[in-house]
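Novice: Numbering (this note's numbering) for the sequence shown: 173 to 447.
Glycine residues also receive a C-beta, built at the ideal position from the N, C-alpha and C atoms.
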Amino acid sequence: VDWQPVKTYEDIFYHKANGIAKITINRPHKRNAFRPKTVFELYEAFCDAREDTSIGVVLLTGAGPHTDGKYAFCAGGDQSVRGKAGYVGDDGIPRLNVLDLQRLIRSMPKVVIALVAGYAIGGGHVLHLICDLTIAADNAIFGQTGPKVGSFDGGFGASYLARIVGQKKAREIWFLCRQYDAQQAMDMGLVNHIVPINQLEAEGIQWAQEVLQKSPTAIRCLKSAFNADCDGQAGLQELAGNATLLYYLTEEGAEGKQAFLEKRPPDFSQYPWLP
Ligand code: 2NE
């Protein structure tokens with residue numbers, strides 16, 4: 173595909189082509205660890221992709237290889253800017269703004285596919301986890317490090333991980349902080365597919381193109397339905413938002429609004445109380 177740059181950022185690349193957005197974390201010298209600025213830029217790009225009605229799929233990946241030949245999807249929060257109360261940006265304010273990004277990726281009504289080459293570690297592992305699908309290169313390495321480096325993600329990073337790999341395995345991943353290769357990740361249901369590294373982007377595009385052939389409304393309702401199973405009232409809000417959207421598209425829904433604007437009682441008599 174002919175990727176077109178959308179906007180120039182400092183810590184990420186953002187491209188679009190043929191209904192697909194590609195967002196690339198570009199800090200290979202840090203194994204693509206994120207600082208607050210990285211997350212703000214990712215958030216802005218994801219918001220743009222969400223709002224763009226021509227975009228149905230977002231590919232999230234990491235730039236690489238680094239000059240030492242190693243690849244990374246993302247190595248989590250940048251420990252060199254971690255202050256006492258979070259990751260500190262240029263404004264001196266400590267933040268954990270990656271949690272906002274997690275919620276956006278999870279709730280946006282587009283399919284987000286993580287393309288993982290090399291390390292998906294710590295908060296970087298959680299980022300791939302909350303994507304809808306993950307395609308791994310054969311050199312991918314997965315793991316959590318929190319208890320080793322004085323951190324943890326007890327949100328999606330723990331509870332959603334356990335939904336995917338089961339309670340025993342999720343506790344192993346967090347309590348032992350081991351690293352797992354692509355095949356091990358595949359065996360525990362953490363990834364959808366493994367390809368040679370030189371085929372990673374092409375495979376992601378192929379999967380994206382298959383999704384793009386499908387009904388956007390069916391996909392958005394399914395994504396929110398999958399989320400609703402795990403996400404409590406926030407999940408129900410997403411699912412119900414789609415019900416409202418579909419209702420607005422009906423004549424029955426439009427009659428209520430029209431009657432209000434015309435200052436008359438609504439007439440719903442022609443709409444059946446379906447069984
Ligand atoms: C990723 C990993 C396993 C790679 O190991 P290796 O041996 O291939 O590379 P190396 O030499 O460790 O790293 C290369 C360069 O990247 C930097 C390193 O400091 C090193 O820099 P130089 O010495 O060459 O200058 N780098 C790598 N990861 C970094 C990071 N996260 N922050 C800052 N610099 C980083 C290995 O690098 C590793 O284990 N990295 C740390 C992974 C980690 O613990 N991440 C934070 C987890 S906590 C978190 O992300 C989080 C959370 O728990 C809750 C909420 C939000 C975030």
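(1) Spell out a yes or no on whether the region 275-291 and the region 239-251 are touching, meaning 3 or more CB-CB pairs, one atom from each, closer than 8 Å.
(2) Can you find a heavy atom of the ligand 2NE that lies under 6 Å from the Cβ of T225?
(3) Closest to F328 by C-alpha separation, out of D272, N198, R207, C219, would be which residue?
(4) Helix, strand or coil for D353, going by three-state DSSP, please let me know.
(5) Tell me where the beta strand (DSSP E) around K202 begins and ends.
(6) In chain order, what residues of the same chain have a beta carbon less than 6 Å from the beta carbon of G474, not counting five sequence neighbours either side?
(7) Flag this pair as yes or no: are the beta carbons of L276 and F185 separated by less than 7 Å?
(8) What residues match up with A406 in a beta bridge as DSSP calls it?
(9) Determine, using beta-carbon pairs with one atom in the region 368-386 and one in the region 314-329, whether at least three such pairs fall under 8 Å.
(10) Since T306 is in the beta strand (DSSP E), which residue starts that stretch and which ends it?
(11) For Q442, does the count of other Cβ atoms within 10 angstroms reach 16, so buried, or fall short, so exposed?
(12) Between the beta-carbon of T233 and the beta-carbon of T196, is there less than 7 Å?
(13) Rounded C-beta distance between E373 and H365? I'm assuming under 8 Å.
(14) Which two residues bound the contiguous alpha helix (DSSP H) that contains I448?
(15) Closer than 6 Å by C-beta to E410: which residues in its own chain qualify, once you throw out the five before and the five after it? Chain order, please.
(16) Could you have a look at G315 and say whether DSSP puts it in helix, strand or coil?
(17) Any heavy atom of the ligand 2NE closer than 6 Å to the CB of Y352?
(18) Report yes if the C-beta distance between K202 and D183 is below 7 Å; otherwise report no.
(19) Inspect the beta-carbon positions of E427 and P444 and report whether they are closer than 7 Å.
(20) By how many angstroms is the C-alpha of K320 removed from the C-alpha of T225?
(21) Taking the alpha-carbon positions, what's the N190 to W175 distance?
(22) Taking Cβ positions, are G448 and L384 nearer each other than 7 Å?
(23) Using the beta-carbon count (16 or more within 10 Å), is T306 buried or exposed?
Specialist: This is what the structure holds:
(1) At 8 Å Cβ cutoff, the stretches touch.
(2) The ligand 2NE never approaches T225 closely enough for any of its heavy atoms to be under 6 Å from the residue's Cβ.
(3) For the residues D272, N198, R207, C219, the minimum Cα distance to F328 belongs to D272.
(4) Here D353 sits in strand by DSSP.
(5) That residue, K202, is in no beta strand (DSSP E); it is neither H nor E in DSSP.
(6) An answer regarding residue 474 cannot be provided, because it is not within the stretch 173 to 447 covered by the chain.
(7) Cβ distance not < 7 Å, so L276 and F185 don't count as in contact.
(8) Note: A406 sits in no beta bridge, so no partner.
(9) Touching, no, given that fewer than three Cβ pairs across the two stretches are closer than 8 Å.
(10) From DSSP, the beta strand (DSSP E) with T306 extends over 305-309.
(11) Its Cβ having fewer than 16 others within 10 Å, Q442 is exposed.
(12) Their beta carbons are under 7 Å apart, which means T233 touches T196 by this criterion.
(13) In fact, because the Cβ distance is near 13 Å, the residues do not count as touching under 8 Å.
(14) Past the edges of the chain, shown from 173 to 447, lies residue 448, and the structure says nothing about it.
(15) Around E410: S279, S396, N399.
(16) The answer is strand: DSSP assigns G315 an E or B state.
(17) Checking every heavy atom of the ligand 2NE against the Cβ of Y352, none is found closer than 6 Å.
(18) No.
(19) Taking 7 Å as the Cβ cut-off, E427 and P444 do not qualify as a contacting pair.
(20) Whole-angstrom Cα-Cα distance: 42 Å.
(21) The alpha-carbon separation between N190 and W175 amounts to approximately 9 Å.
(22) As shown, the chain starts at 173 and ends at 447. That puts residue 448 outside it, with no answer to give.
(23) Answer is buried; the Cβ neighbour count reaches 16.
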